[in-house]
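> Just so you know, the protein sequences line up as chains A and B, in that order. Be aware that the first sequence starts at 1, since it is given in this note's numbering, and climbs by one per residue. Be aware that the second sequence starts at 1001, since it is given in this note's numbering, and climbs by one per residue.
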Amino acid sequence: MVEMSEPTPLADAPLLADPALRAVVEALRAPGTEAELVGQEAVVAAFVAAQNRSTSRPTRRSSVLSSLLASKIAMAAAVGAVTVGGTAAAAYTGTLPGSLQGIAHRTIGAPEATDGKQVTDPNERTHPGAERSEHAKGPDATGPAAFGLCTAFEHGGLATPSTAYASLERAAGGKDRIKAYCAAIRRPGEHPTPTGAPSDHPTGMPTDHPTGMPSTHPTGMPTGHPTGHPTP
Amino acid sequence: MEDRASRFSELLTAAQAGDPDAFAALWRGAHPMLLRYLRVVAGDAAEDVASETWLRVIGGLGGFSGEEPGFRAWLVRIARNTLMDGHRRRFRRPETLTPDLTRADGPSVPDVADTVIDRIGTEDALRLVARLPAEVAEMVTLRVVMGLEVADVAALVGRSPGAVRVAVHRGLRRLADQLRADGVTQHGKAAFSGRDV
Chain A
1 MVEMSEPTPL ADAPLLADPA LRAVVEALRA PGTEAELVGQ EAVVAAFVAA QNRSTSRPTR
61 RSSVLSSLLA SKIAMAAAVG AVTVGGTAAA AYTGTLPGSL QGIAHRTIGA PEATDGKQVT
121 DPNERTHPGA ERSEHAKGPD ATGPAAFGLC TAFEHGGLAT PSTAYASLER AAGGKDRIKA
181 YCAAIRRPGE HPTPTGAPSD HPTGMPTDHP TGMPSTHPTG MPTGHPTGHP TP
Chain B
1001 MEDRASRFSE LLTAAQAGDP DAFAALWRGA HPMLLRYLRV VAGDAAEDVA SETWLRVIGG
1061 LGGFSGEEPG FRAWLVRIAR NTLMDGHRRR FRRPETLTPD LTRADGPSVP DVADTVIDRI
1121 GTEDALRLVA RLPAEVAEMV TLRVVMGLEV ADVAALVGRS PGAVRVAVHR GLRRLADQLR
1181 ADGVTQHGKA AFSGRDV
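Structure, rendered in structure tokens:
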């Protein structure tokens, strides 16, 4: 099996007889270093997220931009999973690198980047085990965080032992109900379906508009008419 | 090279079917060279542009068909577009690209001839290439680092194949001259390795 990281042959190199130049060319074409290959996990996570998206919604052709953004969420997911154990948790707690946090903010409604500062208790990051404890709070999946949590969940970026997952499970009322719960969650900024307004709101004029005179119109003369003549 | 070609189409087909391992193998095969190319043409923005490029590749992989050389050319096309889109194309600043290692007069580099020839790293080699005029540097990198065919380089940079051939040849010649001017000559010990002196 041929490993694709071997350099392709240089077709014509008449100058390579010069050993100094040959050394330079060999250095230029040296196999990839560890430092150069450091991003593999993130890019493969983005690839997987893109696959999941295209198989779950085969009829929907997303634009290049939207798929790009979704992939960036996956990138964010890969980064977040390492530090916090839950994608959305990372996005929501602002532990992502600035640029990714910005994307998460725009796309899944996470808090804005805070110039490298974390918006949460740093203990959550340094002690991943603590998130299982009762003190770990995590984002409130019944509030505005729901969309982001669901996005991460649907993209497979939500680790089951994470605080974020637990929060989502609580909000949905059980593991089995997360999917249904998320299906009902709307993207932030979309007009929410009004739940309190009557569905049979009048759209035209009232049909029972009075057409005649009031039926209670007085028909007789006032009964309290003065009966006596004024005295001059 | 047939092995390599069939291995590539195997990986491409698998990656297009959604196999993450196959995609990872394609990435490993192309990313280091893409990154080096971008470091020459985009400087500090190289990492960002490379990430963005791969996201676009993921989005468009299903629509790609071709062999490995075509894949690399496609990659570069996307990378160039990404660079343009981001308005991140920057003029390379020579002062940041001057390789310290080749400074023959530096007291810390007593025997530059041996040092450079034996131990020149990829970093230093890229800095040397980046000292070439921008257009030439790009063509040399595409040809030498990315391993693109002359015709592909020509199509990418909007020159004739003949012009690319000449530019790359001159660029390499100039690199060799620079190395000589920096004190690196064929008297270095690598020049004699394997020979009876």
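All C-beta atoms in this analysis are idealised placements derived from N, C-alpha and C, irrespective of residue type, glycine included.
Identify, in the order they occur along the chain, each residue of the same chain with its Cβ nearer than 6 angstroms to the Cβ of residue 1004 of chain B, setting aside the five sequence neighbours on each side.
Against the second sequence, residue 1004 of chain B aligns to sequence position 4. Counting only Cβ-Cβ distances below 6 angstroms, and skipping sequence neighbours, we find nothing.
> Using the Cα positions of residue 1122 of chain B and residue 1032 of chain B, report the straight-line distance between them to the nearest angstrom.
If you number the second sequence from 1, residue 1122 of chain B lands on position 122. If you number the second sequence from 1, residue 1032 of chain B lands on position 32. Looking at the two C-alpha atoms, the distance is approximately 11 angstroms.
> With 16 other CB atoms within 10 Å as the buried threshold, where does residue 1152 of chain B fall?
In the second sequence, counting from the first residue as 1, residue 1152 of chain B sits at position 152. Buried: at least 16 other Cβ atoms inside 10 Å.
> Flag residue 1074 of chain B as yes if its beta-carbon sits less than 8 angstroms from any beta-carbon of chain A, otherwise no.
Looking up residue 1074 of chain B in the second sequence gives position 74. It does not: the Cβ of residue 1074 of chain B has no partner Cβ on chain A nearer than 8 angstroms.
> Which one of B/1144, B/1160, B/1051 and B/1159 has the shortest CA to CA distance from residue 21 of chain A?
One-based indexing of the first sequence puts residue 21 of chain A at position 21. Of the listed residues, the one whose Cα sits closest to residue 21 of chain A is B/1144.
> Any beta carbon from chain B within less than 8 angstroms of residue 171 of chain A's own beta carbon?
In the first sequence, counting from the first residue as 1, residue 171 of chain A sits at position 171. So, not an interface residue.
> Compute the distance between the beta-carbons of residue 1128 of chain B and residue 24 of chain A, then report whether it is under 8 angstroms.
One-based indexing of the second sequence puts residue 1128 of chain B at position 128. One-based indexing of the first sequence puts residue 24 of chain A at position 24. Closer than 8 angstroms, so yes.
> Between the beta-carbon of residue 1039 of chain B and the beta-carbon of residue 1046 of chain B, is there less than 8 angstroms?
Your numbering for residue 1039 of chain B matches position 39 in the second sequence. Your numbering for residue 1046 of chain B matches position 46 in the second sequence. For residue 1039 of chain B and residue 1046 of chain B, yes; Cβs fall inside 8 angstroms.
> Listing by chain order, which chain B residues have their CB less than 9 angstroms from the CB of residue 180 of chain A?
Within the first sequence, the letter at position 180 stands for residue 180 of chain A. Under the 9 angstroms cutoff, chain B gives no residues; its nearest Cβ is about 26 angstroms from residue 180 of chain A.
> Cutting at 6 angstroms between CB atoms, please list the residues of its own chain near residue 37 of chain A, excluding the five before and the five after it.
Taking the first sequence and counting its residues from 1, the one referred to as residue 37 of chain A is at position 37. There are no such residues.
> Using a Cβ-Cβ cut-off of 8 angstroms, state whether residue 36 of chain A counts as contacting chain B.
The sequence position of residue 36 of chain A within the first sequence is 36, counting from 1. For residue 36 of chain A, the answer is yes, since a Cβ of chain B falls inside 8 angstroms of its Cβ.
> In the DSSP assignment, find the alpha helix (DSSP H) that holds residue 20 of chain A and state where it starts and stops.
Locating residue 20 of chain A in the first sequence gives position 20, where the first residue counts as 1. Where residue 20 of chain A is concerned, the enclosing alpha helix (DSSP H) stretches over 19-28.
> For the alpha helix (DSSP H) containing residue 1021 of chain B, name the first residue and the last one.
Translated into positions along the second sequence, residue 1021 of chain B becomes position 21. Element bounds for residue 1021 of chain B: 1020-1042.
> DSSP three-state call for residue 1064 of chain B: helix, strand or coil?
For this step, residue 1064 of chain B is matched to residue 64 along the second sequence. Correct three-state label for residue 1064 of chain B: coil.
> Check whether the Cβ atoms of residue 1086 of chain B and residue 1136 of chain B sit closer than 8 angstroms, and answer yes or no.
The residue labelled residue 1086 of chain B in the question sits at position 86 within the second sequence. The residue labelled residue 1136 of chain B in the question sits at position 136 within the second sequence. Their beta carbons are not under 8 angstroms apart, which means residue 1086 of chain B does not touch residue 1136 of chain B by this criterion.
> To be precise: take each residue of the region 1036-1056 of chain B, compare its Cβ to all Cβ atoms of chain A, and keep it if any distance is under 9 angstroms. Which residues remain?
Cβ contacts with chain A: 1036, 1047, 1048, 1050, 1051, 1052, 1054, 1055 and 1056.
> Does the beta-carbon of residue 1084 of chain B have 16 or more other beta-carbons within 10 angstroms, so that it is buried, or is it exposed?
Taking the first residue of the second sequence as position 1, residue 1084 of chain B is located at position 84. Exposed: under 16 other Cβ atoms inside 10 Å.
> Check whether chain B comes within 8 angstroms of residue 53 of chain A, counting only Cβ atoms and requiring the distance to be less than that.
If you number the first sequence from 1, residue 53 of chain A lands on position 53. Not one chain B Cβ lies under 8 angstroms of residue 53 of chain A.
> Can you tell me whether residue 1133 of chain B is buried or exposed, with buried defined as 16 or more other CB within 10 angstroms of its CB?
Indexing the second sequence from 1 puts residue 1133 of chain B at position 133. That one is exposed.
> Would you tell me roughly how many angstroms separate the C-alpha atoms of residue 1173 of chain B and residue 50 of chain A, rounded to the nearest one?
Stepping through the second sequence from its first residue, residue 1173 of chain B is reached at position 173. Stepping through the first sequence from its first residue, residue 50 of chain A is reached at position 50. Their Cα atoms are separated by approximately 45 angstroms.
> If the criterion is Cβ atoms closer than 8 angstroms, does the pair residue 1008 of chain B and residue 1015 of chain B meet it?
The residue labelled residue 1008 of chain B in the question sits at position 8 within the second sequence. The residue labelled residue 1015 of chain B in the question sits at position 15 within the second sequence. Their beta carbons are not under 8 angstroms apart, which means residue 1008 of chain B does not touch residue 1015 of chain B by this criterion.
> Helix, strand or coil: how does DSSP classify residue 36 of chain A here?
By one-based count along the first sequence, residue 36 of chain A stands at place 36. In this structure, residue 36 of chain A counts as helix in the three-state DSSP scheme.
> Where does residue 1017 of chain B fall in DSSP's three states?
For the purposes of this step, residue 1017 of chain B is taken as the residue at position 17 of the second sequence. Three-state DSSP puts residue 1017 of chain B in coil, outside helix and strand.
> Return helix, strand or coil for residue 1174 of chain B, following the three-state DSSP convention.
Numbered from its first residue, the second sequence carries residue 1174 of chain B at position 174. Three-state DSSP puts residue 1174 of chain B in a helix.
> Could you tell me which chain B residues have their CB closer than 7 angstroms to the CB of residue 177 of chain A, listed as they occur along the chain?
Here residue 177 of chain A corresponds to residue number 177 of the first sequence, with the count starting at 1. Per Cβ cutoff of 7 angstroms: no residues; residue 177 of chain A is ~28 angstroms from chain B at best.
> For residue 1120 of chain B, which three-state DSSP category applies?
By 1-based counting over the second sequence, the position of residue 1120 of chain B is 120. If DSSP states are grouped into helix, strand and coil, residue 1120 of chain B belongs with coil.
> Where residue 18 of chain A and residue 1154 of chain B are concerned, what is the direct C-alpha to C-alpha distance, given to the nearest angstrom?
By 1-based counting over the first sequence, the position of residue 18 of chain A is 18. By 1-based counting over the second sequence, the position of residue 1154 of chain B is 154. Each residue's alpha carbon lies about 26 angstroms from the other.
> Does the CB of residue 1059 of chain B have a neighbour CB from chain A at under 8 angstroms?
For the purposes of this step, residue 1059 of chain B is identified with residue 59 of the second sequence, where counting begins at 1. So yes, residue 1059 of chain B belongs to the interface.
> Cβ atoms of residue 1072 of chain B and residue 1147 of chain B: under 8 angstroms apart, would you say?
Locating residue 1147 of chain B in the second sequence gives position 147, counting from the first residue. Locating residue 1072 of chain B in the second sequence gives position 72, counting from the first residue. Yes, they are a contact pair.
> Quick one, which of B/1061, B/1068 and B/1042 has its alpha-carbon nearest residue 1080 of chain B's?
In the second sequence, residue 1080 of chain B corresponds to position 80, counting from 1. That would be B/1042, whose Cα lies nearest to the Cα of residue 1080 of chain B.
> Are the CB atoms of residue 46 of chain A and residue 1058 of chain B within a distance shorter than 8 angstroms?
Translated into the one-based positions of the second sequence, residue 1058 of chain B becomes position 58. Translated into the one-based positions of the first sequence, residue 46 of chain A becomes position 46. Taking 8 angstroms as the Cβ cut-off, residue 1058 of chain B and residue 46 of chain A qualify as a contacting pair.
> Give me, in chain order, the residues of the same chain whose beta-carbon lies closer than 7 angstroms to that of residue 1149 of chain B; leave out the 5 immediate sequence neighbours on both sides.
Within the second sequence, residue 1149 of chain B is the residue found at index 149, counting from 1. Excluding positions up to five away in sequence, the list reads 1069.
> Inspect the beta-carbon positions of residue 1076 of chain B and residue 1156 of chain B and report whether they are closer than 8 angstroms.
Taking the second sequence and counting its residues from 1, one reaches residue 1076 of chain B at position 76. Taking the second sequence and counting its residues from 1, one reaches residue 1156 of chain B at position 156. Their beta carbons are under 8 angstroms apart, which means residue 1076 of chain B touches residue 1156 of chain B by this criterion.
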